[in-house]
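J.: Note that numbering that gives the first Met the number 0 numbers the sequence shown so that position 166 is 165, with each residue one more than the last.
Every residue, glycine too, gets a C-beta built ideally from N, C-alpha and C.
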Amino acid sequence: MTRNAVQDVRTKKLLSAFGPTTGFQRFVLGLIGGLVTVTVGAVAALLMPSGSATRAPRASLEMLASIVIDSMPVMSVESVSLSGVSALSTGPGVSQLAAKLSYDLDAVIDGASSVPRIFLTSMPHDLNEVQETSERKALFFKSVLPLVLQVNEKLRAKRARLLALDQIMRDGGKPKAADRLWLAMMSDRYGVDRDDIASLLNHVDIVPPSMALAQAAAESGWGTSRFAREGNALFGQWTFAEGNLVPEGRDDDKAHMIKKFNRLIDSVRGYALNLNSNRAYQEFRDLRADLRRKGKSLDGRALVGKIYRYSERGVDYVNEIRSLISFNKLDRLDGAHLSGGSEQDV
Numbered sequence: 000m001t002r003n004a005v006q007d008v009r010t011k012k013l014l015s016a017f018g019p020t021t022g023f024q025r026f027v028l029g030l031i032g033g034l035v036t037v038t039v040g041a042v043a044a045l046l047m048p049s050g051s052a053t054r055a056p057r058a059s060l061e062m063l064a065s066i067v068i069d070s071m072p073v074m075s076v077e078s079v080s081l082s083g084v085s086a087l088s089t090g091p092g093v094s095q096l097a098a099k100l101s102y103d104l105d106a107v108i109d110g111a112s113s114v115p116r117i118f119l120t121s122m123p124h125d126l127n128e129v130q131e132t133s134e135r136k137a138l139f140f141k142s143v144l145p146l147v148l149q150v151n152e153k154l155r156a157k158r159a160r161l162l163a164l165d166q167i168m169r170d171g172g173k174p175k176a177a178d179r180l181w182l183a184m185m186s187d188r189y190g191v192d193r194d195d196i197a198s199l200l201n202h203v204d205i206v207p208p209s210m211a212l213a214q215a216a217a218e219s220g221w222g223t224s225r226f227a228r229e230g231n232a233l234f235g236q237w238t239f240a241e242g243n244l245v246p247e248g249r250d251d252d253k254a255h256m257i258k259k260f261n262r263l264i265d266s267v268r269g270y271a272l273n274l275n276s277n278r279a280y281q282e283f284r285d286l287r288a289d290l291r292r293k294g295k296s297l298d299g300r301a302l303v304g305k306i307y308r309y310s311e312r313g314v315d316y317v318n319e320i321r322s323l324i325s326f327n328k329l330d331r332l333d334g335a336h337l338s339g340g341s342e343q344d345v
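1) At 4 residues or longer, what runs of the alpha helix (DSSP H) sit wholly inside the segment 208-293?
2) Shortest alpha-carbon distance to N261 belongs to which of I108, S113, M122?
3) Mind checking H336: buried by the 16 CB within 10 Å criterion, or exposed?
4) Within a Cβ cutoff of 6 Å, which residues of the same chain sit near R300, ignoring the five residues on either side of it in sequence?
5) Indicate whether L146 and V303 have their beta-carbon atoms separated by less than 8 Å.
6) Looking at I117 and L104, is the spacing between their C-beta atoms short of 8 Å?
7) Comparing alpha-carbon positions, which option in V107, T120, A106, S112 lies nearest L263?
8) Output yes or no for whether 8 Å exceeds the beta carbon distance between L212 and F140.
9) Within 10 Å of its beta-carbon, does F234 have 16 or more other beta-carbons around it, so buried, or fewer, so exposed?
10) Can you name the start and end residues of the alpha helix (DSSP H) that R116 belongs to?
11) Determine the DSSP secondary structure at L354, reduced to helix, strand or coil.
12) Which whole-angstrom value is the C-beta distance of I385 and G230, which I expect to be below 8 Å?
13) Taking L162 as the reference, which of D195, Y189, E131 has the closest Cα?
14) Apart from the five residues on each side of it in sequence, which residues of its chain come closer than 8 Å, Cβ to Cβ, to H202?
15) Between which residues of its own chain and K293 is the CB-CB distance below 6 Å, once the five residues before and five after are set aside?
16) Quick one: what does DSSP say P145 is sitting in, helix, strand or coil?
17) Taking Cβ positions, are P208 and L332 nearer each other than 8 Å?
18) When you compare only the Cα positions, how much space is there between G339 and A215?
19) Using the beta-carbon count (16 or more within 10 Å), is V314 buried or exposed?
20) According to the neighbour-count rule (16 or more other Cβ atoms, all chains shown, within 10 Å of its Cβ), is Q236 buried or exposed?
21) Are the CB atoms of S94 and G222 within a distance shorter than 8 Å?
22) Round the Cβ separation of I205 and R249 to the nearest angstrom and send it over; I've been treating them as touching at under 8 Å.
23) I need the DSSP call for M184, collapsed to helix, strand or coil.
24) Give me the Cα-Cα distance between E241 and I167, rounded to the nearest whole angstrom.
25) Since I believe A232 is in contact with F226 (beta carbons under 8 Å), could you give me their beta-carbon distance rounded to a whole number of angstroms?
26) Using CA coordinates, which residue listed in L290, L138, D330 is at the minimum distance from A98?
27) Select from T132, Y102, L272, L290 the residue whose C-alpha is nearest the C-alpha of K157.
28) Three-state secondary structure (DSSP) at K153?
29) What separation, rounded to the nearest whole angstrom, lies between the Cα atoms of G92 and K136?
30) Assuming contact is defined by CB atoms lying nearer than 8 Å, are L148 and V107 in contact in what I supplied?
31) Grouping DSSP H, G and I as helix and E and B as strand, with all else coil, what is D194?
32) Roughly how many angstroms lie between the CA atoms of S132 and K175, to the nearest whole one?
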């Protein structure tokens with residue numbers, strides 16, 4: 000039953016308490032129904048104003064986010080067909096995965112090849128059974144690299160959109176209504192003032208693949224930890240929400256849990272959003288912005304030095320991540336890019 004119909008029924012009940020419904024009362028009912036319709040229309044107009052100010056509340060922005068958030072077409076990584084996939088799928092086995100991820104990392108490093116758009120839903124359930132360390136590490140990097148590049152690709156698209164809108168406004172132009180709504184939503188997401196594109200650009204940027212891969216390896220035990228297997232958690236993000244993964248040996252006076260995700264790509268998105276929005280990583284964002292202004296590449300080893308709050312181990316954690324980057328020469332993958340082919344979820 001619609002809201003207007005419910006109001007109509009309630010009004011009829013009110014009038015019936017004073018006797019039979021007369022023709023005049025029926026007229027009153029019709030008048031009330033019309034007023035309700037006009038009121039609903041007015042509210043809708045307020046939520047989607049045509050003027051220059053975007054006044055839609057947070058709830059409305061989040062409802063429309065899936066429509067306006069990306070300037071590029073959404074493909075299979077976020078497709079509806081994935082809604083039936085189990086959140087805790089054990090994923091394919093190593094043998095099946097190795098055949099899928101047969102691309103050559105050395106060719107990617109040399110710039111002779113791109114990374115195929117193959118996105119794992121979950122890590123292989125038998126990854127810890129791979130005895131050869133070099134093979135296990137290569138399989139891990141090949142699995143996670145496409146996910147990191149995909150998230151970075153989306154961030155680049157958003158950043159390009161912000162830069163284009165900034166130029167329009169600098170030239171005295173006025174962004175379209177959809178762009179104003181998108182800007183308002185992005186401002187809410189990152190906690191900055193509306194239309195403050197300069198601040199948004201500080202938040203909306205990529206994470207160097209070398210840094211993301213090293214942290215994923217350290218936090219997930221190369222994809223074999225309980226958190227990675229049971230919750231697709233590659234980066235050990237804390238949460239206090241119920242229904243997540245309780246760390247073994249957690250002190251009785253602690254309440255934190257490890258956040259679990261439906262898919263690995265969601266874990267990578269959450270990691271990037273954490274670095275791009277959490278106040279603890281402002282120094283990371285400031286250094287990244289400074290490197291951008293100077294026209295320098297985003298150095299993963301340098302940027303890692305600004306996320307010492309990521310772990311209770313502080314500087315020791317930073318040194319571990321830097322060692323992983325150096326020992327595995329992960330900085331050579333910072334120039335990697337996804338292929339132009341179709342996407343494939345495994």
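T.: A quick look at the data gives this:
1) 208-219, 225-230, 263-276, 281-292
2) Comparing Cα-Cα distances from N261 to each of I108, S113, M122, the minimum goes to M122.
3) exposed
4) R321, I324
5) no
6) Annotated as distal: L104 and I117, with beta-carbon spacing of 8 Å or more.
7) Check the Cα spacing between L263 and each of V107, T120, A106, S112: the tightest is with T120.
8) yes
9) buried
10) Note, R116: premise wrong, no alpha helix (DSSP H); not H, not E.
11) No answer is possible for residue 354: the residues shown for the chain start at 0 and end at 345.
12) An answer regarding residue 385 cannot be provided, because it is not within the stretch 0 to 345 covered by the chain.
13) D195
14) For H202, same chain residues with a beta-carbon under 8 Å away, outside a window of 5 residues either side, are Y189, V191, N275, S276, R284 in chain order.
15) none
16) helix
17) yes
18) 25 Å
19) exposed
20) Result: buried.
21) no
22) A Cβ-Cβ distance of about 33 Å is found for the pair I205 and R249, leaving them out of contact under the 8 Å criterion.
23) helix
24) 44 Å
25) 4 Å
26) Residue nearest to A98 within the set L290, L138, D330 is L138 (criterion: CA-CA distance).
27) When the alpha-carbon of K157 is set against those of T132, Y102, L272, L290, the nearest one is in L272.
28) In this structure, DSSP gives K153 a helical state, which the three-state scheme calls helix.
29) 15 Å
30) No, the Cβ-Cβ distance between L148 and V107 is not below 8 Å.
31) coil
32) First, the residue type needs correcting, since residue 132 is Thr and not Ser in the sequence shown. Roughly 53 Å between the two C-alpha positions.
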